[in-house]
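Residues in the sequence shown are numbered consecutively from 16, following my numbering.
To keep things clear, I will list the structure first and then write my remarks on it.
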Amino acid sequence: MLNDLLNFITKLNIQRLINLLKNRLSYWLTLCLGRPVVWGTPYSYSIESASICNLSCPECPTGKGEVIRQNKLLPLDLYQSIIDQISNAFYLMLYLQGEPFLNKHIFEMISLAKAKRIYTCLSTNGHFLDRQNAHQVVTSGLSRIIISVDGTTNDVYNQYRQGGNLEKVLEGIKNLLEAKKELSSARPYIIMQFIVFKHNQHQVDEFKRLSKSIGANKTEFKTAQLYDFEHGHPMMPDAEKFSRYRKSGDRYFVKKPIRNHCKRLWTTGVLTSDGIMAPCCYDKTAHYPMGNAQTGNLNHDWKGQAFMDFRKQLLKNRKQIDICCNCGE
16 MLNDLLNFIT KLNIQRLINL LKNRLSYWLT LCLGRPVVWG TPYSYSIESA
66 SICNLSCPEC PTGKGEVIRQ NKLLPLDLYQ SIIDQISNAF YLMLYLQGEP
116 FLNKHIFEMI SLAKAKRIYT CLSTNGHFLD RQNAHQVVTS GLSRIIISVD
166 GTTNDVYNQY RQGGNLEKVL EGIKNLLEAK KELSSARPYI IMQFIVFKHN
216 QHQVDEFKRL SKSIGANKTE FKTAQLYDFE HGHPMMPDAE KFSRYRKSGD
266 RYFVKKPIRN HCKRLWTTGV LTSDGIMAPC CYDKTAHYPM GNAQTGNLNH
316 DWKGQAFMDF RKQLLKNRKQ IDICCNCGE
């Protein structure tokens, strides 16, 4: 944990610190005034390296074939243009939808971000971590990797990760740990993630033991985002602490109150593999385009009329925005 924190801190410089301060102050002022004030630019970005996946997870828009992009894989030249435009950003998530390792340029993308002194993170289903790729993950300079392992037995795992192979994923994690050891590297920081559903909630404690025995840096549990949840869902956990939803009367609601503010719209830029700027990561189909990286002016789009109007709508009545109604933030 300490090495990971130090790695993160080293990405800061005076310019980025000033931008971070502007960002925080403008959000605070927004809350005080009730109208959007936007100073600075995003200090964090989520860039979709791939919008396709090798699995068919039933509650994932990509797995269900609902995410359609012109560029299913982020072109390297577009990525280079994006990186050149986001000098104030020091945290980069190389994922949104899809499986990042399906993009053959993923290691070069990580290396380019590292050269810009950006902390890089990606989330994967873990099926592409053979020995060679594991070695490249380490040498490319990836800061953090989140590996989804939603079960401790293959029969349970496959109920959600349809088309997957648990043994292959666990072997991939071991390959990555071995590569770190061989190269004497503390990075990437490895998080084993477990999305809790009804069918796997009984394996929570066993997963903790599994993650510890393998040697992951952190074990993380995540509530499942379910669609059509209002009248219940067969995948919804029984235990409320593992569920994003609560029952009131004969309907279910998101547990966390939907208040008329959201710091994500002041901190994090989101770009699809087409280069479209979405307001946040919950706009999985880019239904609300705020701009496009291909124009070469992301900072202008961030403060543009479309984004400012969206922020105004959110501050007025966030419940009327569909992508906000299933958000855990």
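All residues carry an ideal CB built from backbone N, CA and C; glycine is no exception.
Just so we're clear, the structure is a prediction, and the values are computed from it rather than from any experiment.
Nonlocal neighbours in the same chain, by C-beta distance under 8 Å from residue i, ignoring five residues either side
i: leucine 329; result: Asn275, His276, Cys277, Leu280, Ile336 and Cys339
i: asparagine 151; result: Checking the sequence shown, residue 151 turns out to be glutamine, not asparagine. Phe122, listed in sequence order.
For residue i, the first and last residue of its enclosing alpha helix (DSSP H)
i: glutamate 182; result: 181-197
i: threonine 45; result: 29-48
i: serine 155; result: 146-155
i: leucine 127; result: 121-130
i: valine 224; result: What sits at residue 224 in the sequence shown is arginine, not valine. Per DSSP, arginine 224 belongs to the alpha helix (DSSP H) from 219-229.
i: threonine 300; result: Taken as a continuous stretch (DSSP letters only), threonine 300 belongs to no alpha helix (DSSP H), as it is neither H nor E.
Segment limits, beta strand (DSSP E) that includes residue i
i: glutamate 235; result: 233-238
i: isoleucine 205; result: 204-211
i: leucine 20; result: Element bounds for leucine 20: not the beta strand (DSSP E) but the alpha helix (DSSP H), 17-24.
i: leucine 137; result: 134-139
i: isoleucine 291; result: 291-293
Contact set for residue i: own chain, Cβ-Cβ below 6 Å, skip 5 residues either direction
i: phenylalanine 322; result: Met305
i: serine 352; result: Because the chain spans 16 through 344 in this model, residue 352 falls outside it and cannot be assessed.
i: lysine 87; result: Ser66 and Ile67
i: glycine 55; result: Asn34, Lys37 and Asn38
i: leucine 313; result: Gln100
i: asparagine 169; result: Leu181
i: threonine 77; result: Cys68, Gln112 and Gly113
i: glycine 178; result: Leu70 and Ser71
Best match in the options for proximity to residue i [C-alpha to C-alpha]
i: isoleucine 229; options: Leu191, Leu40 and Gln309; result: Leu191
i: serine 96; options: Asp289, Ala65 and Asp145; result: Asp289
i: tyrosine 297; options: Thr283, Gln309, Leu91 and Lys233; result: Thr283
i: serine 126; options: Gly311, Asn180, Gly113 and Ile98; result: Ile98
i: leucine 93; options: Ala301, Glu123, Pro73 and Gly178; result: Glu123
i: histidine 142; options: Glu114, Val53, Asn118 and Arg159; result: Glu114
i: aspartate 265; options: Gly247, Ser138 and Ala254; result: Gly247
i: alanine 130; options: Thr25, Trp317 and Asn307; result: Thr25
i: glutamine 299; options: Asn22, His315, Tyr242 and Gln309; result: It is worth fixing the name first, because residue 299 is lysine in this sequence and not glutamine. It is Tyr242 whose Cα lies nearest to the Cα of lysine 299.
i: arginine 185; options: His217, Asn140 and Phe105; result: Looking at the sequence shown, residue 185 is not arginine but leucine. Looking at the Cα atoms, Asn140 is the closest of the given residues.
i: alanine 194; options: Ile291, Ile133, Arg146 and Gln30; result: Arg146
i: isoleucine 160; options: Asp19, Lys271 and Tyr267; result: Asp19
i: lysine 213; options: Gln177, Gly166 and Lys223; result: Gly166
i: leucine 198; options: Leu89, Val219, Gly178 and Ala149; result: Ala149
Own chain partners of residue i with C-beta closer than 7 Å, once the 5 adjacent residues on each side are dropped
i: serine 258; result: Thr238, Met251 and Pro252
i: valine 346; result: This structure cannot settle anything about residue 346, because the visible part of the chain is limited to 16 through 344.
Buried versus exposed call for residue i [16 or more other C-beta atoms within 10 Å across all chains shown]
i: glutamate 63; result: buried
i: lysine 331; result: exposed
i: leucine 17; result: exposed
i: serine 226; result: buried
i: arginine 261; result: exposed
Report task. For the region 98-111 and the region 140-156, state whether three or more C-beta atom pairs, one from each stretch, are separated by less than 8 Å. Result -> Segments in contact, no.
Query raised in the report: Okay, do the region 197-214 and the region 229-245 touch, 3+ Cβ pairs below 8 Å being the bar?
Result: Taking 8 Å as the limit for Cβ pairs, the verdict is that the region 229-245 does touch the region 197-214.
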